[in-house]
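Protein chains in written order, with numbering that gives the first Met the number 0: chain A, 0 to 255; chain B, 0 to 255. Reading through the structure tokens given below for one structure.
Protein chains: 2
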Amino acid sequence: MEEPATGGVRRARAAIGRAVRSTLPGRVESRVEPRRDDRAVPEASVARLAVYLRVLSQLAEQGVVTVSSEELAAAAGVNSANLRKDLSHIGSYGTRGVGYDVAVLVERIEGTLGLTRRLAVALIGVGNLGHALAGYGGFTTRGFHIAALLDADPARIGEEIAGLVVRPVAELPDVVRELDIAIGVIATPAHAAQEVCELLVDCGVTSILNFAPAVLAVPDGVDVRKVDLAIELQILSFHEQRKLRPISGTALEEVG
Amino acid sequence: MEEPATGGVRRARAAIGRAVRSTLPGRVESRVEPRRDDRAVPEASVARLAVYLRVLSQLAEQGVVTVSSEELAAAAGVNSANLRKDLSHIGSYGTRGVGYDVAVLVERIEGTLGLTRRLAVALIGVGNLGHALAGYGGFTTRGFHIAALLDADPARIGEEIAGLVVRPVAELPDVVRELDIAIGVIATPAHAAQEVCELLVDCGVTSILNFAPAVLAVPDGVDVRKVDLAIELQILSFHEQRKLRPISGTALEEVG
DNA sequence: TCGGTTTTGTGAACGCATTCACAAATGGCT
DNA sequence: AGCCATTTGTGAATGCGTTCACAAAACCGA
Numbered sequence: 000m001e002e003p004a005t006g007g008v009r010r011a012r013a014a015i016g017r018a019v020r021s022t023l024p025g026r027v028e029s030r031v032e033p034r035r036d037d038r039a040v041p042e043a044s045v046a047r048l049a050v051y052l053r054v055l056s057q058l059a060e061q062g063v064v065t066v067s068s069e070e071l072a073a074a075a076g077v078n079s080a081n082l083r084k085d086l087s088h089i090g091s092y093g094t095r096g097v098g099y100d101v102a103v104l105v106e107r108i109e110g111t112l113g114l115t116r117r118l119a120v121a122l123i124g125v126g127n128l129g130h131a132l133a134g135y136g137g138f139t140t141r142g143f144h145i146a147a148l149l150d151a152d153p154a155r156i157g158e159e160i161a162g163l164v165v166r167p168v169a170e171l172p173d174v175v176r177e178l179d180i181a182i183g184v185i186a187t188p189a190h191a192a193q194e195v196c197e198l199l200v201d202c203g204v205t206s207i208l209n210f211a212p213a214v215l216a217v218p219d220g221v222d223v224r225k226v227d228l229a230i231e232l233q234i235l236s237f238h239e240q241r242k243l244r245p246i247s248g249t250a251l252e253e254v255g
Numbered sequence: 000m001e002e003p004a005t006g007g008v009r010r011a012r013a014a015i016g017r018a019v020r021s022t023l024p025g026r027v028e029s030r031v032e033p034r035r036d037d038r039a040v041p042e043a044s045v046a047r048l049a050v051y052l053r054v055l056s057q058l059a060e061q062g063v064v065t066v067s068s069e070e071l072a073a074a075a076g077v078n079s080a081n082l083r084k085d086l087s088h089i090g091s092y093g094t095r096g097v098g099y100d101v102a103v104l105v106e107r108i109e110g111t112l113g114l115t116r117r118l119a120v121a122l123i124g125v126g127n128l129g130h131a132l133a134g135y136g137g138f139t140t141r142g143f144h145i146a147a148l149l150d151a152d153p154a155r156i157g158e159e160i161a162g163l164v165v166r167p168v169a170e171l172p173d174v175v176r177e178l179d180i181a182i183g184v185i186a187t188p189a190h191a192a193q194e195v196c197e198l199l200v201d202c203g204v205t206s207i208l209n210f211a212p213a214v215l216a217v218p219d220g221v222d223v224r225k226v227d228l229a230i231e232l233q234i235l236s237f238h239e240q241r242k243l244r245p246i247s248g249t250a251l252e253e254v255g
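Right, here's the structure in full:
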């Protein structure tokens with residue numbers, strides 16, 4: 000049922016932390032007891048939390064103090080029950096009959112996403128896209144700052160973009176160490192992506208955002224997220240194609 | 000406003016079909032083709048098909064004629080059973096004991112994704128990011144071509160980018176009609192996104208790729224996919240935070 | 001204090017997606 | 001031809017995520 004209202008959050012002190020989680024097929028004999036790791040926030044929820052955070056920030060700016068799950072869900076484009084469940088994962092407390100305190104929710108979500116400290120980002124590849132990313136405002140907001148730009152092209156070294164000087168990719172190890180880089184953004188051509196990725200991993204970077212149209216192979220423990228423009232378009236194309244012909248088995252409209 | 004739209008693809012769940020109670024999508028072996036509604040390819044599969052296509056194209060260039068599900072899956076970074084199931088959705092035929100013919104597979108996937116014709120894309124917002132997208136090679140490859148650039152800023156009108164002249168966003172209706180725009184790409188600031196989106200929809204564009212950090216509300220029947228850089232970073236941040244502290248409570252100073 | 005109204009938090013149902021596991025098909029070899 | 005090695009295609013099992021539905025709070029007004 001409900002959790003005991005007395006006291007604050009008191010989740011089971013879920014046992015030990017990160018044991019080696021091998022996602023390899025055919026778990027030979029790992030007795031990695033799946034202890035209901037109840038602290039885990041589902042991946043899908045994490046993505047939405049970021050959306051809620053954005054909406055909440057806007058509400059806060061507008062001076063809104065309280066918001067119901069229904070309102071927030073509508074603004075975020077999700078089902079309200081889904082939103083409540085998402086929030087329940089981070090142990091958030093709303094007030095029944097009232098809603099959620101905007102400020103409290105912002106703080107909680109920021110805490111969950113680790114946005115209280117500012118992570119340093121290194122951007123590798125300042126070509127067409129990388130150049131834009133370096134100056135993209137949305138990047139520097141809340142919790143991140145681009146700390147370094149690198150490129151393999153000698154012609155680009157030394158160029159200044161958004162207040163940063165482009166350094167040779169060979170200096171990546173130094174850059175990561177000196178600037179405490181936590182996230183690597185790959186905006187190189189596809190053929191260079193895997194190599195750069197390995198370089199990042201060797202330097203100890205375990206979070207990578209990949210804009211190159213290539214599948215990256217990484218060891219366990221490294222998180223890669225990819226943004227693939229061509230694929231997004233192709234998915235839209237698929238649906239577009241579907242709209243043209245109503246397929247419905249029967250009723251064949253002779254569409255000129 | 001009213002009907003919120005989520006990120007990802009928001010598909011009109013047309014209430015057309017009668018309650019298809021087919022609990023068993025069991026393969027009907029009759030050649031009579033009942034209600035072939037099961038032609039639907041799962042959304043998740045569509046995204047992967049695009050990835051397979053890229054890998055297959057590379058293989059084809061290398062002169063590879065045949066590939067097994069195991070090899071292709073490894074190159075695409077997925078489970079081989081998953082890949083085979085994906086392919087089974089598009090009715091692909093491999094050869095048992097041998098594998099798949101690369102050329103045939105490329106053709107089939109392109110057909111499924113509707114990449115045989117070239118869809119015209121209109122890009123609205125040629126600021127930092129839009130500018131880069133206009134010149135981004137990955138965009139124009141295979142099946143798409145940016146046919147028009149538009150912006151609301153008078154200062155940008157007339158500027159030439161990648162061989163195209165920037166036109167005022169007010170001309171969108173004409174542009175869509177004249178150039179037969181199928182996909183709209185929104186690369187405006189967040190505050191303008193919803194307005195531009197509605198303009199696109201009014202013009203009859205039903206496929207939208209949104210780069211603005213805003214939740215778009217669209218009517219049923221319109222597909223929206225979003226690419227949100229800040230959210231990608233925040234997801235990585237979440238996992239990064241996870242790596243640092245072993246699980247346990249959300250906040251160290253938690254209440255009592 | 002009490003009943004009415006609102007809204008949260010969550011068990012349970014549901015549906016989609018992934019993975020397993022194996023029969024069926026195919027080609028090669030003797 | 002017959003057997004063996006290989007690989008597909010897919011039912012079944014499993015897992016994950018979303019949605020439903022409702023009891024449990026919390027506030028309010030009389």
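All C-beta atoms in this analysis are idealised placements derived from N, C-alpha and C, irrespective of residue type, glycine included. Small disclaimer: the values here were computed from a predicted structure and weren't measured.
The Cβ of residue 195(B) sits no closer than 8 angstroms to any Cβ of chain A. Listed in chain order, the alpha helix (DSSP H) runs fully inside the stretch 70 to 140 of chain A are 79 to 88, 101 to 112, 127 to 134, 136 to 139, counting runs of at least 4 residues.
Residue 197(A) carries a helical assignment under DSSP once its states are collapsed to helix, strand and coil.
The beta carbon of residue 141(B) lies closer than 7 angstroms to those of 114 in the same chain, with the five residues before and after it left out. Residue pairing by DSSP places residue 184(B) opposite 122(B), 208(B) in a beta bridge. Among the residues of chain A, those whose CB is under 9 angstroms from the CB of residue 45(B) are 233, 234, 237, 238, following chain order.
At least one CB of chain B lies nearer than 8 angstroms to the CB of residue 134(A). For residue 189(A), the CB contacts under 6 angstroms within the same chain, skipping 5 residues up- and downstream, are 211, 212, 213 in chain order. For residue 146(B), the enclosing beta strand (DSSP E) begins and ends at 143 to 150.
Using beta-carbon distances, residue 81(B) does not count as an interface residue toward chain A, since no partner is under 8 angstroms.
The beta carbon of residue 176(B) sits no closer than 8 angstroms to any beta carbon of chain A.
DSSP, read as helix, strand or coil, puts residue 164(B) in strand.
Not one beta carbon of chain A lies nearer than 8 angstroms to the beta carbon of residue 41(B). Counting of Cβ neighbours within 10 angstroms places residue 80(B) among the exposed residues, the total staying below 16.
Any Cβ of chain A closer than 8 angstroms to the Cβ of residue 218(B) would place that residue at the interface, and such an atom is absent.
Around the C-beta of residue 227(A), 16 or more other C-beta atoms lie within 10 Å, and the residue is accordingly described as buried. Annotated as distal: residue 222(B) and residue 71(A), with beta-carbon spacing of 8 angstroms or more. Rounded to whole angstroms, residue 51(A) and residue 88(A) show a C-alpha spacing of 14 angstroms. Between the stretch 161 to 176 of chain B and the stretch 187 to 203 of chain B there are three or more inter-stretch CB-CB distances shorter than 8 angstroms, so the stretches are counted as touching. Around the beta carbon of residue 94(A), a 10 Å sphere encloses fewer than 16 other beta carbons of the protein chains shown; the residue is thus reported as exposed. Of the residues 229(A), 231(A), 207(A), 101(A), the one whose Cα lies closest to the Cα of residue 220(A) is 207(A). According to the DSSP secondary-structure assignment, residue 223(A) is paired through a beta bridge with 207(A). Contact between residue 128(B) and residue 135(A) is confirmed by a C-beta separation of about 6 angstroms, below the 8 angstroms threshold. Secondary structure of residue 159(A) (DSSP, three-state): strand. Note on geometry: alpha-carbon atoms of residue 63(B) and residue 82(B) lie some 19 angstroms from one another.
Counting every other CB atom within 10 Å of its CB across the protein chains shown gives residue 76(A) a total of 16 or more, marking it as buried. The beta-bridge partner set that DSSP reports for residue 66(B) consists of 99(B). When 182(A), 196(A), 193(A), 233(A) are compared, the shortest CA-CA separation from residue 232(B) is found for 182(A). Under the three-state reduction of DSSP output, residue 240(B) falls in the helix class. One finds 237, 240 in chain A with Cβ atoms closer than 9 angstroms to the Cβ of residue 111(B), taken in chain order. At a cut-off of 8 angstroms between beta carbons, residue 222(A) contacts chain B. If the five residues before and after residue 67(B) are omitted, its C-beta is found closer than 7 angstroms to the C-beta atoms of 98, all from its own chain and listed in chain order.
Around residue 206(A), the beta-carbon contacts reaching into chain B at under 7 angstroms are 235, 238, 239. In this structure, the beta-carbon distance from residue 120(B) to residue 164(B) does not fall below 8 angstroms. Among the residues facing chain B, residue 230(A) is included, as its CB has a counterpart in that chain under 8 angstroms away.
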